[in-house]
Amino acid sequence: MMAISGSFYLAAWLLAALLGWQQNAQSEPLRDNAPERVAASEPQIAVQLAQNLLDNGELLQKAKTDLQSLPEFQGKTLLIYNKVDFFNGTRPRIEVSLENPALPNTLVFYTFEHGKWTKGEAEDVAHIKNLSRHLVPLAEVDFAQVPHIAQVWREKAKQVNAVEQEPYHVAFIWLPARNKRFWHTATLEAKGKQFYLSTHLDGSIWEFNGLSGSVVDENQ
């Protein structure tokens with residue numbers, strides 16, 4: 000038996016974020032303030048709509064390459080702000096906020112959907128103290144690892160007999176207060192229970208705990 004982790008700070012942070020992430024995965028409209036559609040590389044590979052985006056390693060890697068290849072990032076180091084979200088569900092997509100290389104103290108929100116990236120307007124984040132500590136090079140985020148994390152979630156969903164058995168949200172997270180990079184996933188909803196799952200970067204389990212005092216039996 001594995002008891003709930005003593006990491007109160009992490010648990011509180013995850014609990015506060017999970018509801019928003021889960022709602023976002025199901026119904027959040029695209030943040031779109033007169034967005035500029037930016038073209039991906041041509042020709043694009045066929046987007047296999049029938050396949051879960053989280054399992055499509057080829058498309059995920061293409062998305063990363065295309066983002067790095069956008070004209071505004073030529074010769075620049077791309078820095079993400081805190082996290083990268085990968086969604087399946089009704090709107091398969093990737094969402095990320097990047098430091099604007101042309102304008103200090105601003106972030107630009109990008110969405111990868113239907114095989115191409117959409118650029119939103121810049122957001123002034125001058126109010127964020129020590130912005131640099133929240134930034135991670137995009138090159139250090141392994142998009143190709145997402146299918147493995149999705150499979151770990153799928154296995155845990157089966158273990159706890161979750162209502163939803165198909166993964167729909169994976170996120171790369173940078174937690175500067177803990178100096179920790181990890182993968183987080185959608186809440187596992189079982190009958191009368193909820194569980195959260197986080198893994199180390201290599202996909203090994205870091206946290207697999209109940210949100211309301213549930214204890215996870217790893218021997219199930």
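Quick note on numbering: numbering that gives the first Met the number 0 labels position 90 of the sequence shown as 89, and the sequence is numbered without any gaps.
Yeah, the Cβ is synthetic: ideal placement off N, Cα and C, and Gly gets one too.
Under the DSSP definition of a beta bridge, E94 partners with D84 and T110. Annotation: G202 is outside any beta strand (DSSP E) and is labelled neither H nor E by DSSP. Relative to the Cα of K115, the nearest Cα in the group P136, T64, Q164 and G74 belongs to T64. Beta-bridge partners of G209 (DSSP): F194. Setting aside the 5 residues that flank it on each side, L52 is surrounded in the same chain by N87 and P91, each with a C-beta closer than 6 Å to its C-beta; the list follows chain order. A straight-line Cα-Cα distance of about 10 Å links E57 and F142.
Under the 8 Å Cβ criterion, the region 124 to 133 does not count as touching the region 147 to 162, having fewer than three qualifying pairs.
By the Cβ test, the region 116 to 128 is not in contact with the region 201 to 209, since fewer than three Cβ pairs between them sit closer than 8 Å. Of the candidates F111, H183 and L106, the residue whose Cα lies closest to the Cα of H126 is L106.
At a Cβ-Cβ threshold of 8 Å, V162 and I79 do not count as neighbours.
According to the DSSP assignment, E188 belongs to the beta strand (DSSP E) that extends over L187 to A189. Between F108 and the set S96, Q73, E165 and A138, the nearest pair of CA atoms involves S96. A distance of 8 Å or more separates the beta carbons of L137 and L174. Its Cα nearest to that of R153, the residue E188 stands out among E188, D123, F171 and K75. In the DSSP assignment, D141 falls outside any alpha helix (DSSP H) and carries neither an H nor an E. By the 16-neighbour rule on beta-carbons within 10 angstroms, N208 is buried.
Comparing alpha-carbon positions, the option among F194, Y167, F171 and F181 lying closest to V159 turns out to be F194.
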